[in-house]
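Chains as they are written, first to last, in this note's numbering: chain A, 1 to 337; chain W, 1001 to 1337; chain D, 2001 to 2337; chain S, 3001 to 3337.
Number of protein chains: 4
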Amino acid sequence: MIIQLNKNISKEEKSNITSSLNNISYKTKTVNTQYKNYLIGIGNNDFDIRKIGNMPGVEDIHKVSMDYKLVSRKWRVDDTIIDLGDNISINRNDLTIMAGPCSIESEEHAMNIIEHLEENDIRIMRTMVFKPRSSPYSFRGLGIEGLRTISAECKKRNIKIISEVMEVSQVEAMHDYVDIFQVGTRNTQNFNLLDALGKVDKAVMIKRGISGTIDELLQSAEYVFSNGNEKILLCERGIRSFEKSYRNTFDLNAIPILKDKTHLPVIADPSHSIGIRKHVEKMALAAIMAGADGIITEVHQQPEKAFSDGQQTLNYPEAKRLYFNAREINVLKRNLL
Amino acid sequence: MIIQLNKNISKEEKSNITSSLNNISYKTKTVNTQYKNYLIGIGNNDFDIRKIGNMPGVEDIHKVSMDYKLVSRKWRVDDTIIDLGDNISINRNDLTIMAGPCSIESEEHAMNIIEHLEENDIRIMRTMVFKPRSSPYSFRGLGIEGLRTISAECKKRNIKIISEVMEVSQVEAMHDYVDIFQVGTRNTQNFNLLDALGKVDKAVMIKRGISGTIDELLQSAEYVFSNGNEKILLCERGIRSFEKSYRNTFDLNAIPILKDKTHLPVIADPSHSIGIRKHVEKMALAAIMAGADGIITEVHQQPEKAFSDGQQTLNYPEAKRLYFNAREINVLKRNLL
Amino acid sequence: MIIQLNKNISKEEKSNITSSLNNISYKTKTVNTQYKNYLIGIGNNDFDIRKIGNMPGVEDIHKVSMDYKLVSRKWRVDDTIIDLGDNISINRNDLTIMAGPCSIESEEHAMNIIEHLEENDIRIMRTMVFKPRSSPYSFRGLGIEGLRTISAECKKRNIKIISEVMEVSQVEAMHDYVDIFQVGTRNTQNFNLLDALGKVDKAVMIKRGISGTIDELLQSAEYVFSNGNEKILLCERGIRSFEKSYRNTFDLNAIPILKDKTHLPVIADPSHSIGIRKHVEKMALAAIMAGADGIITEVHQQPEKAFSDGQQTLNYPEAKRLYFNAREINVLKRNLL
Amino acid sequence: MIIQLNKNISKEEKSNITSSLNNISYKTKTVNTQYKNYLIGIGNNDFDIRKIGNMPGVEDIHKVSMDYKLVSRKWRVDDTIIDLGDNISINRNDLTIMAGPCSIESEEHAMNIIEHLEENDIRIMRTMVFKPRSSPYSFRGLGIEGLRTISAECKKRNIKIISEVMEVSQVEAMHDYVDIFQVGTRNTQNFNLLDALGKVDKAVMIKRGISGTIDELLQSAEYVFSNGNEKILLCERGIRSFEKSYRNTFDLNAIPILKDKTHLPVIADPSHSIGIRKHVEKMALAAIMAGADGIITEVHQQPEKAFSDGQQTLNYPEAKRLYFNAREINVLKRNLL
């Protein structure tokens, strides 16, 4: 049960609604986001929702029985548009392309890529300064300093930044330097981190867990929304299977299924799924046809010399071709489907 | 090691080549297909292949060290074109579309679909008369009789037939009524069946095993080729994973990987992979962008009343739209990639 | 619905029962096994089974709604005992041990192992003469000739033989030389083969599919039973997963689940699951504790020189220790659980 | 490369060793644990380790080339014993049993279970106060208050506590109330949390990731060790697979493999793997036979009324029987293997 409350609902009106729900054995949870105030009713009893729907203070009411409610399309049928400011938004019509290096290696390295992005009208730069690595002895990123240098430059050129946050304490530290917090595949069910990200007014992109189900991904998004943040993107990046001839099994089926179940935008990551440079473009185009609202891809001036992920990273000419073809395909898709 | 032999090689010449290979500890296997005669050398020793290459009777020689050799692109770099006769062929340029009902239900039912196929210029009809079913109590198909009725009609209208063979003894029984033998996902490693199909001059489409690796699929194809039949197609139809919100995990990564490893055509089956009617079209288009040479899809005049697989079967208007869009996308793909 | 019929039921009585079932929209299938005659009713309607149960000719009636019926413990609560003759049987109390080489390599090799088995009172020899191999270029077994030589020797010493059948035509060829037909993991859903094995009066051991579900294994067993053969064993041999530090994921959970769902004996194959010689014994003992009625294991006089599977094969002293420990553990299990 | 340093190594000696390693292109990392000081050399060059081994200040030196080094048995061959104080330790000889409720529900509830544990000489109580839940609307545990109440009681009765930590900030909050920090399956690769746990002098039990590989589990343990904490336990709790007739696929193969690769103790969790109450005991015994050093299991006075995980939780008589049988089996195992 999702009850949208009037902006200026009185204390008494709200308490009446809560009591009515408690009377029919529903527990309630208040959710105040950057846009609206909701009351979530959690229970199973069947009853005439109009009884609640007609109470003073209620703007709208929807029955949603799944474990995820606020992120469900059962309730909100229109696609969510995520406004990043400065006329940059993530929306169904325009294909969103996020591109950039696996990690920032130096200031010079970053500036070179930012120029490449601007030239190609890529408005969201992806890059990591905190890197989750299986081994404690691997390169773990430049840390917050790395972000500061690129943030100023990107602001100048009107490019937004997406970067991975690994830990609650990093949320505040990164806040002023990123436009989208990325939750990585190992943290999809780091519920404390999701709670914390629900309390900031920045977009959050949640990557699907290494072997996370589609429902678990939606429930993780529900954590963020129910803590107060509606600006959520989901990302399919490949799941773990028995097949070892590529990096991860790119679950493109998940894209139409997600688009069906949720109003949130869905981004596809061909770089981390197939993990083989020469096949990244084809898989990006396939993901767009499957229904992705955007793609995220790794690009580097010299992939052979990248600190990490070089084998799946495009060089500038390859990336240019991908941007062009992805936009062409997206136009055709809009016309055909 | 693959040695192509001259058509009119003498017994002595061949025995000299074999001896030379045995001398360097290679075992040999003779492979005579509908097109050519080969000698396969199996061993690991390194040696100067020109020594063998220059022997009388040798047309060409290639080192291929993988477990699959004859189906490898390491040896034959051009895409294989499969000629089905009557100007119908499976080739990289024209998108191959195979469509039809899960199984034949009656003569009338079949005739109606054949008309639909002809109207839409679909030149290959898919349909089953032997159906593998998990439960012994399920409908198992009309048997060979079902094929006879449609075969005559299809020949009249120049439509080719692909149908599943489950057992060695069916190979002969089906031979005159089908143009492509389909090996189903439960029989990908039925080696006796593959052996038998290597001995007929009809095309064979091998579906990937329920949880078969890409390499296992190629090795199964090698069974058919090394028994004498070069007319082989591979089919990605989804693999088994932990995710249960659709039928099978459509492994679209497998398509560019297969196209890289083998010269054989690769067909994609969106119906059995996602298994949800309203998403079949999107996944078909995604598969084409990923590099598929063709698609195979289930269509029925009234999917709601189909004997089996109704939930993933398209009706005629849906199928029409898919054919059109698939062809459009294929043209764009040829132009862009 | 399973209806056990009286041995001397009249034609009319049977036809009355069938009509009554048809009247309530049940389809029927007659199953005559080596032991009993059954009528299987397939349908969903709810009705008072006593109405059928009281009809002349009915010995017993059970409602079983799952896809597998005859192999279900819902109907037959006692463990099935499989009598192999000569006082050798597979039963819950005595631990069944099947041991032997992956394949027969020569007559001398076989005789040596048969002696080892007799010395250790192992009454079932496992060995293959038809070997399913991913690659067409691998050793595929000695064929039927291999069985003839060992069959005579085993009969003399009262040792039974289990060997893999890969193809319908081999059923007849192997019939006189084996006591248990093994259906391998690639043939678990080779339904024609299962049909054929349902028509012989020899035991059949069905290995779980490479990524077969527990329910699919039970349905495959239902194929054999419903064709007329009640002598069925099931075998857990590991499933395919993402983990690559051993051969297959030994699904020991499947053992108590199978014992719960079916009355058939369950055998565990530690050799093919973990696939690492030094760990085979521990996994065999674990399988027994999990509830296995028996184990099947590979043994060879010189595993280092075995034609195949050497890395998972025990030598004689290792095997001896396993037999002893397995029997000890089985006694303790019987006392504790 | 692991170099154990003398306790009273001089600054100069250490700097000499570091320089020598740098000279051969090895990077170094200093690791000071509660027991010893190490220098880890990370590189690939081959050289004579005696050159470093003979330098002043070096106590011992070992080549370990895997991604995990300090937790490897290649270097430390003897099993690690984890001393929890008060004569309670986790060691290879005595079977460790951890038992308790999924979560603490009330003070009364906890006291009742603590009594049950004492009666049965169970020296480690498992219980959660922070619960990771897929849905934000599920019960998430009593929080730190829950721990305080039981901690005093457990100390009185000499029972140690293991409880799950989900977030860096909880490490300090929980520190005084737990004896073993549990890292849950969703946090196996929460590297910031592992870093933090490497800096406390309390034992840490890391559960294997939902679909984590054995190598990833060892690398996660390496995070804790290389941050300074040697008191690590590993826990096999089932992995995600396609099979849905139980909760998780209990990967018992992983136990002997882990025991082979690492000197750390390995605990098995039958409750969360099979997830079905009546099968928990069998799977616990199987895990012991496979080589587990201990088991962790859920017990509750009334599983039917437990707040969570009731379907896999044992009642007191069932648990009593499990404790007894597990200890019997462990004695037999020690005698046989």
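Using N, Cα and C, we set each Cβ at its ideal position, and we do this for glycine too.
The structure displayed is predicted, hence computed values, not measured ones.
Between residue i and residue j, what straight-line distance do the alpha-carbon atoms span, to the nearest angstrom?
{"i": "S:R3240", "j": "W:F1242", "result": "7 Å"}
{"i": "W:I1212", "j": "W:Y1035", "result": "Looking at the sequence provided, one finds Gly at residue 1212 of chain W rather than Ile. Straight-line Cα distance between these residues: approximately 29 Å."}
{"i": "S:L3322", "j": "S:I3024", "result": "55 Å"}
{"i": "S:N3091", "j": "S:I3081", "result": "5 Å"}
{"i": "W:R1126", "j": "W:P1101", "result": "7 Å"}
{"i": "D:F2181", "j": "D:Q2170", "result": "10 Å"}
{"i": "W:A1306", "j": "D:N2112", "result": "59 Å"}
{"i": "S:G3057", "j": "S:V3031", "result": "15 Å"}
{"i": "A:L217", "j": "A:G209", "result": "7 Å"}
{"i": "W:H1116", "j": "W:I1144", "result": "23 Å"}
{"i": "S:L3193", "j": "S:V3168", "result": "5 Å"}
{"i": "A:Y246", "j": "W:L1264", "result": "20 Å"}
{"i": "D:Q2311", "j": "A:Y316", "result": "48 Å"}
Just to make sure I have the definition right: I need the residues of chain D whose C-beta is within less than 9 Å of the C-beta of residue i. Which are they?
{"i": "W:V1168", "result": "E2167, V2168, S2169 and N2192"}
{"i": "W:D1251", "result": "Those within 9 Å of W:D1251 in chain D number zero; the least Cβ separation is about 14 Å."}
Could you list which residues in chain A have their beta carbon closer than 7 Å to that of residue i, in chain order?
{"i": "D:F2242", "result": "R240, S241 and F242"}
Can you tell which of the options has the C-alpha that lies nearest to the C-alpha of residue i?
{"i": "D:I2114", "options": "D:K2160, D:S2010 and D:L2194", "result": "D:K2160"}
{"i": "D:L2070", "options": "D:N2037, D:I2088 and D:M2098", "result": "D:N2037"}
{"i": "W:T1249", "options": "A:F225, A:E222, A:G143 and A:I214", "result": "A:I214"}
{"i": "A:H109", "options": "A:R247, A:D309, A:S19 and A:T149", "result": "A:T149"}
{"i": "S:K3231", "options": "S:L3084, S:E3012, S:Q3302 and S:D3078", "result": "S:L3084"}
{"i": "S:E3222", "options": "S:M3066, S:E3172, S:E3236 and S:H3175", "result": "S:M3066"}
{"i": "S:H3300", "options": "S:G3294, S:S3138 and S:T3313", "result": "S:T3313"}
{"i": "A:G198", "options": "A:G228, A:E172 and A:R186", "result": "A:G228"}
{"i": "A:T185", "options": "A:R237, A:V204, A:V224 and A:D179", "result": "A:R237"}
Whose Cβ in chain A lies nearer than 9 Å to the Cβ of residue i?
{"i": "S:K3029", "result": "P136 and Y137"}
Give me, in chain order, the residues of the same chain whose beta-carbon lies closer than 7 Å to that of residue i; leave out the 5 immediate sequence neighbours on both sides.
{"i": "W:A1292", "result": "I1255, V1266, I1267 and A1268"}
{"i": "S:K3027", "result": "I3042 and G3043"}
{"i": "S:G3053", "result": "I3061"}
{"i": "D:K2327", "result": "Reading off the sequence shown, one finds Arg at residue 2327 of chain D, where the question assumed Lys. Same-chain partners within the cutoff: L2095."}
{"i": "W:K1333", "result": "I1288 and M1289"}
{"i": "W:L1258", "result": "I1214, L1234 and V1266"}
{"i": "A:S72", "result": "V64, M66, K261 and T262"}
Please list the terminal residues of the continuous beta strand (DSSP E) segment that includes residue i.
{"i": "W:K1160", "result": "K1160 to E1164"}
Residues of chain S with a CB under 8 Å from the CB of residue i: which are they?
{"i": "D:E2328", "result": "L3332 and L3336"}
{"i": "A:Q219", "result": "S3134, S3135 and P3136"}
{"i": "D:M2289", "result": "K3282, L3285, A3286, I3288, M3289 and I3329"}
Please compile the residues from chain W whose C-beta is within a distance smaller than 9 Å of the C-beta of residue i.
{"i": "D:N2023", "result": "In chain order: nothing, as chain W lies at least about 19 Å away."}
{"i": "D:I2210", "result": "Q1189, G1209, I1210, S1211 and G1212"}
So residue i is in the alpha helix (DSSP H); what residue range does that whole segment cover?
{"i": "A:V331", "result": "Y316 to L336"}
{"i": "A:E298", "result": "Not the alpha helix (DSSP H): A:E298 falls in the beta strand (DSSP E), residues G294 to E298."}
{"i": "S:G3146", "result": "I3144 to K3156"}
{"i": "A:V168", "result": "V168 to M174"}
{"i": "S:Y3038", "result": "Counting along the chain, S:Y3038 falls outside any alpha helix (DSSP H), though it belongs to the beta strand (DSSP E) covering N3037 to I3042."}
{"i": "W:M1289", "result": "R1277 to A1290"}
Residues in its own chain within less than 6 Å of residue i by CB, not counting five upstream and five downstream?
{"i": "D:L2142", "result": "I2104 and V2129"}
Could you tell me which chain D residues have their CB closer than 8 Å to the CB of residue i, listed as they occur along the chain?
{"i": "W:S1226", "result": "P2136 and Y2137"}
Mind listing the chain W neighbours of residue i? Cutoff is C-beta to C-beta under 7 Å, in chain order.
{"i": "D:Y2223", "result": "P1136"}
Between residue i and the rest of its own chain, which residues show a CB-CB distance below 8 Å, the 5 nearest in sequence each way excluded?
{"i": "D:T2018", "result": "T2028 and L2039"}
At a CB-CB cut-off below 7 Å, which residues of chain D make contact with residue i?
{"i": "W:E1216", "result": "S2134"}
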